Structure formats: C-alpha cells, structure tokens
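Below is one structure, written out as structure tokens; comments come after it.
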Amino acid sequence: MVKAAVLALGCLVGCASASDAEPPPARRPARSTAATPSKAQGARQTEPATDTSRPAQPPPATVPRTIGLSEPRRPGGDPFAASRQCRDSRSVAVFVSPRRPTVTGQMRIVVVADEEIDGATVVAKGPGGIVELRQEHWGGPPWAWAATVTSPTEGEWSVGLSRDAELVACRRARVRKRTGWLGTGTTIWEAERGWDRGTENLYSAWIEHLFDAPPRVRVGWRPLHEVTRDRERNLLYDHLGLGEDDAASAGALVLEADCADVPYFLRAYFAWKLRLPFQWSHCEAESAWRAPVCDQRFDNGLERTSRQELGAFQELLGRLAETVHSGNMRALPTDDAADFYPVALNRQSIRPGTVFADPYGHVLVVARWIPQTPAESGLLYAIDGNPDRSMGRKRFWRGAFPFGAPVWSGAAGFKAFRPIVKRDGELVALTNREVNVSRTYGNYSHEQYRLGADGFYARVEELINPERLTAERAFDETFDALVELVQARVRSVELGARWIAEHPGTVIEMPEGPEIFESTGPWEDYSTPARDLAMLGAFDLIEEFATGVAERPGHYALVAGEAPRAAAARIAERLARRAAETLIAYRRSDGSEQSLTIREVMDRAAAFEAAYDPNDCNELRWGAPPGSPEASTCNRHAPAAQTERMQTYRGWFERRSRPRRI
C-alpha cells in the first residue's frame, strides 16, 4: 500500500481547494483584449499548510523574517582606492536598485556570487567618501549580500563587495536629483540584455529574500502583490520609480496568481524590472496518452495597447493568466519548445526559483533550503499559489511533491525556465543541448526520470539531509507534515462554510467525473477532493512508517546494535502516542469548537472518501458519525444527486488514485 500511496500523491496536492487566507479577492489582473489563446484547463492547488500540532490558527498578519541586518560596518580602509579598476564578473555580480537612484530615496546594493565568500562585506563610496552600511547576507547557492544607502548624496558612487579591505567586485552608480523619464515604446518592454549567470543568481537571491520566513512556521500572503509591495522583502521594490509597488499608488501592480501563474508572474516581474527578455508559450493540455505540446510562443516584444508603462505590464500579466496552465511545466523533457527544462538533482540546480511540477497539475516554486544541523533536520521549502489567489509554503516530502507518473503522459519534477538570449537583435530560447553546453547553465538532465520514484525521493532527501536521520526524527518530520495537511484542511473547510453562509440559498454546482479535481468558480475554491486524497495518502504513509523502518533499516541512523524490528516497534509506539496527543479543532454549525485527535481523524478515513462537498455541513466534512452528539448540530446537506455522485467516485479515494484526463 505504501508504494501505491506514494505514486498516487499527485492527487494529494491537487488544486480544488481553498486557501489559508480570507475569502477570495474581487479582482484579477486586467485581461488583455488582444488575441491570445485561452488558458487550457489544468489542475489547481492547495493552500498554505501549518507546522504546529495545536488547533489551526491563521498565519500572522506580518510574516516574520530570518534574514536580519548587521550592525553598521565600515571597511578598515578604502578598498576602492587600492583597486585600479571597478568591475564585477560572471561569478560575482553587483546590482543597484532602483534603476535610477535619487537623493530623496534609497539606493539598495545587492551582490550575488556562485560561492560563499567568508568575511565579505558590502561597501559604498560616494562624493563624501566611504559610508557605514548595515548588511544582509543569505543564500547558498547562490550567495547574496545586500545593503541600503538612505538619501544618498548626488553624484558618482562606487559600490561593491570587499574582503580584508580588498575589492572583490565593483560597479559605478549615479545618484540624481530626480528619477527622470523611463521612456515608452510600442512594445511591452524592450530587452536590453540577455539572461546570464549574474541575473540568474540575482533571480534566485531575490526569490529567497522575497519569501523569507522562519522554518516550521505557518506563513501565507494574499495575493502575490502583498509580498512584492513589502519594501523590506522585495529587493526590486519600486525599481523603475513608477510607484509600481507602492500600495498607496493608484497605479500599483495587481499580482493575483493561481498555481500555474505564480512562476510566470515572478519571472515576468523580475525580467520587466531589469529589462531582460521574457517568453511564454501556449501549450495544449496533456491527455492520459500524451504529454502537453507547446505550439506558439510569445514574448515581451508584443505590441502594447496601453500607452502607460504600468498598464502595458499589467496587460502582459492578463495575457499570461489567460494562456499558461500547469501543463506548460509538464512537457516532455526532450521538448525544445517547452518553457522549462528538467534539471540535475543537486543543490546548484535546485535553487530558489526552480519550479516543481507534479504529475497531476500542481506547481510549486523552490524558495529556500534550510541546512541540516546536529539539532535539526534540513528542510526544502517551496511556495505555491492557490485557487483564491493566496500564497502558501510547503516543505518537501512525498505528500506535497508527488512524482512518478509515466513521463510520456506529462513529465513531472524539478525544472528551470528555459534561458532567453539576444542574438542579432532577436530573442532566442536556448535548446536543451545549448543549455547543457552553456557555461552559465550546463544543468539539463534526465536524472530524475532514470531514478524512478523511490530513487528520486532518496536523492532529494539526501540533498536535504546529507547525514542520515534517526528513525525517530524522520518519523517526526513525516508526522508533522501530515498534521500540516490536516490543519490546512481545517481552514479550507471553514472558508467553504463561510462562503455558504454569505450566500444563503446558493448551492455550489458539483462537476462530474475527473472534473471534480479541476473545476473553476466556487467548487474549485471551496471543495476538497484533491486535499482529501492527499490526506488519505498521508494516513497510509504514516501508518506504514514503522514497517518501512523494519524493511529498510539502512535508510536510517539506528541505535548501534539495535534490531530493525525493535526500532520499528519504538516508531509504532511513537505513532500511537503522538496521534493520541495531537489535536486539531474545527467549528461546528452552531459555532462551537470540536476537537479531534489525529488518531480520531485517521480512523475516519472511510468518511473522508466522500466528504469534500462544500454544500455539506462541517460536521459531515469531518466525518462525524451519524447520530452522534458531534453530528447533532449539522444543519446543511449537499443535494442527494451530489451525495450519490460522491459515492460513485469513492473508488478513486479508496485506491488513492486520482483519475487522469482522457
């Protein structure tokens, strides 16, 4: 059953579910009226999950950060005076934001590098000499350093990175009295350069900084522009000087993205800010017998219909939202026309900004690696978008990163954006072969597909935790991930009940067949078939964890001399104790709180095979036994036809196997 559960986990994180935030926002990016192929239907995804074992609580209003500022630093000497030239390199690149710094604003200096540079510090020298800077440092790989100069003096500046008073990388910047005119054109924007190692490193550093949050803490944003409008998080905040990220500005960008939109919106936003090329494709959705095929490509050179810079970019976001779907990220690994290519399974390739596409339609963007320590296991986090346009964060584990469906019907796995370069004035996407021979990239690989599902998970877990975990720690991480799924469902079910209460007399229409996983409208936002399938599969994994310890003792750091069966017995006892102690709570129809242990939730597995209809009361959604005191407050039932249909589809949930599109 373990293997079946693992291979079925795509259903485990499908998209027909609500998010962690409040009810859906009223608007999306303005749709373009230009002729662009319609978005093909693709599976949507789930909400942010939580890491605690207490009753689910909403995420904090302000997400805490871990990348902190140092005390002000001034280099021991003048590294600029000791250097004959001011330049950066492919491996250590220096960037300045905004595009045109002014005396009334801030000048942010960001340095990115392929390797860690111990003792390095950001340095800046203006007309008045060297200035003190408070530093930020994060990453690995790439590594990044950042500092901000507030109200810089007008004139020429030299900025860069130094170590031991020696300049490592440098560039010049001019600070002006005012921003100046950005200029307009007939296209959405003109690409001024191609992608290179420096801009790729900056993109990864920007993603990690943007979604920085402490490990094992529940976080979420809603919608995407909530995080891009955060000056402290967004290294490119108001980079163009148009008030594009200022919430108080009438022209502030609106970024409302679902799971498939998120990687495209992030890449487009970054490319637009830095005047880099950006392309996307129209792809036909896959079937049970054929992977998605991409047949038409668009880029930032499209003719704009808005005369305003912000309006033109908002128009591009609308075109993206109408065109791309999760199938864009599941094209065959050999397809040179796809927007993404599969990468090697190593830390250098699976960097922040890398996309993970599962076989069933969910998409995540790698955001951060948490290194393993003697006291804590390592973690790999990715962010994702939800049907209600909220953003969440998930840790890597089998229940959230399903892998293993046949490649020929849609290639899942870790993938990177295909590089776009300028050749003879034209934008050109590199082929897979060109990616592999590139000094900047060189990471196109079929490794994921050669390993198979079990090998894939073993390899990624080895990257996350180079030192084998004890069976207890591995179990605890898996159990905590299960609790995340259950607690996330609490919020999802409650949002559905709230929507029903706010629309009295309304019955949410239920799709037929496999469309229950891939619909639109209120059913997509508030039903939970994909989430419930995820939870059921997770139940199987945790119930059989002890058996896995006995059968595969080499995967764990067991106590010296301990028999595998003895270790398995300890894990079984640990499951019994933790499942009995860990509580979740949901709100019943009369407003009272109902607490359940994780063991009680798991024992209701059969009920969860037909408990995903938001038209049912919360008590039924949580499997309250008929006639029990818990069920006595139920005041709402789905139409009989919908209940009968759920019974018809029960086999998918019993088998833990989501049906694929025909």
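FYI, the numbering for the sequence shown is 0 to 661, going by numbering that gives the first Met the number 0.
Note that CB positions come from ideal geometry on N, CA and C, so glycine has one too.
Treat the numbers as computed from the prediction; the structure is a model and nothing was measured.
Tell me which same chain residues have a C-beta within less than 8 Å of the C-beta of residue i, skipping the five on either side of it?
| i | result |
| --- | --- |
| P24 | Any reading at P24 must be qualified, since the residue scores a pLDDT of 36, below 50, and its modelled position is unreliable; the value itself is stated next. Closer than 8 Å at Cβ, skipping near neighbours: R221, P222, E255, D387 and R388. |
| S437 | P418 and L429 |
| R472 | S376 |
| L68 | R133, Q134 and E135 |
| H445 | P332 and P341 |
| D245 | R228, D237 and A251 |
| Q371 | G377, I463, N464, P465 and E466 |
| F339 | N327, M328, A330, V354, A356, K414, A415, F416 and R417 |
So, under 8 Å CB-CB, residue i and residue j are touching, yes? Tell me the CB distance rounded to an integer number of Å.
| i | j | result |
| --- | --- | --- |
| G138 | E199 | Going by Cβ atoms, the distance from G138 to E199 rounds to 13 Å, so no, they are not a contact pair. |
| T120 | R72 | 6 Å |
| L730 | A168 | For the chain, the structure presents residues 0 to 661; residue 730 sits outside this window and is missing. |
| T333 | N431 | 7 Å |
| R89 | G197 | 7 Å |
| W156 | A172 | 5 Å |
| G95 | D87 | It is worth fixing the name first, because residue 95 is Val in this sequence and not Gly. Rounded, the Cβ-Cβ distance is 11 Å, inconsistent with contact. |
| A80 | I108 | Between I108 and A80 the Cβ distance is about 18 Å, and since that is not below 8 Å, they are no contact. |
| I187 | L265 | Between L265 and I187 the Cβ distance is about 17 Å, and since that is not below 8 Å, they are no contact. |
| D298 | P276 | 7 Å |
| R99 | T178 | 5 Å |
Who are the Cβ neighbours of residue i in its own chain at under 6 Å, not counting the five residues just before and after it?
| i | result |
| --- | --- |
| S82 | L166 |
| T353 | V365, F413 and A415 |
| V111 | A92, P141, A143, N200, L201 and A204 |
| V406 | Y448 |
| W498 | Y525 |
| A270 | F277 |
| E191 | R274 |
Mind checking who residue i pairs with in its DSSP beta bridge?
| i | result |
| --- | --- |
| V167 | Answer by DSSP bridge pairing: none, since V167 is not bridged. |
| I129 | K124 |
| L678 | Summary: the structure shown does not reach residue 678, with the chain confined to residues 0 through 661, and so no result is reported for it. |
| M390 | W220 and G384 |
| T101 | R175 |
| S157 | K124 and R171 |
| A112 | V91 and W142 |
| F301 | The sequence shown places Leu at residue 301, rather than the Phe named in the question. L301 is not bridged to any residue. |
| F413 | F355 |
| K421 | L426 |
| F339 | F416 |
| H281 | Q295 |
| T186 | E302 |
| W137 | A143 |
| M106 | V148 |
| I583 | L595 |
| S491 | For S491, which the question treats as bridged, DSSP gives no partner whatsoever. |
| Y648 | DSSP lists no partner for Y648. |
| R96 | The amino acid occupying residue 96 in the given sequence is Ser; Arg does not appear at that position. Partner(s): R107. |
| L363 | F355 |
| R72 | L132 |
Count the other CB atoms within 10 Å of the CB of residue i; is the residue buried (16 or more) or exposed (fewer)?
| i | result |
| --- | --- |
| H281 | buried |
| A496 | buried |
| K272 | buried |
| Q347 | exposed |
| T227 | buried |
| S594 | exposed |
| V558 | exposed |
| T322 | buried |
| S31 | Residue placement at S31 is flagged as unreliable, the pLDDT there being 38, under the threshold of 50; a coordinate-derived value is accordingly withheld. |
| G219 | buried |
| P97 | buried |
| R303 | buried |
| R644 | buried |
| S627 | exposed |
| G502 | In the sequence on display, residue 502 carries His and not Gly. The residue is exposed, with fewer than 16 neighbouring Cβ atoms inside 10 Å. |
| A247 | exposed |
| Q307 | exposed |
| R620 | buried |
| T45 | Because the pLDDT of T45 is 32, which lies under 50, any placement of that residue in the model is unreliable, and the question is left without a value. |
| Q646 | exposed |
| T185 | exposed |
Quick one: what's got a C-beta closer than 7 Å to residue i's C-beta in the same chain, skipping five residues either side?
| i | result |
| --- | --- |
| R654 | none |
| field | the stretch 585-605 contacting the stretch 475-491, beta-carbon criterion three pairs below 8 Å | value | yes
| Is there contact between the stretch 104-113 and the stretch 138-150, where contact requires at least three CB pairs shorter than 8 Å? | yes
| Does the count of Cβ pairs from the stretch 541-558 and the stretch 627-642 closer than 8 Å reach three? | no
| request: Count the CB pairs spanning the stretch 321-337 and the stretch 286-304 that are closer than 8 Å, and state whether there are at least three. | output: yes
| query | Would you say the stretch 503-512 touches the stretch 521-531, given that touching needs at least three Cβ pairs under 8 Å? | reply | Judged by pairs of C-beta atoms under 8 Å, the stretch 503-512 touches the stretch 521-531, as three or more such pairs exist.
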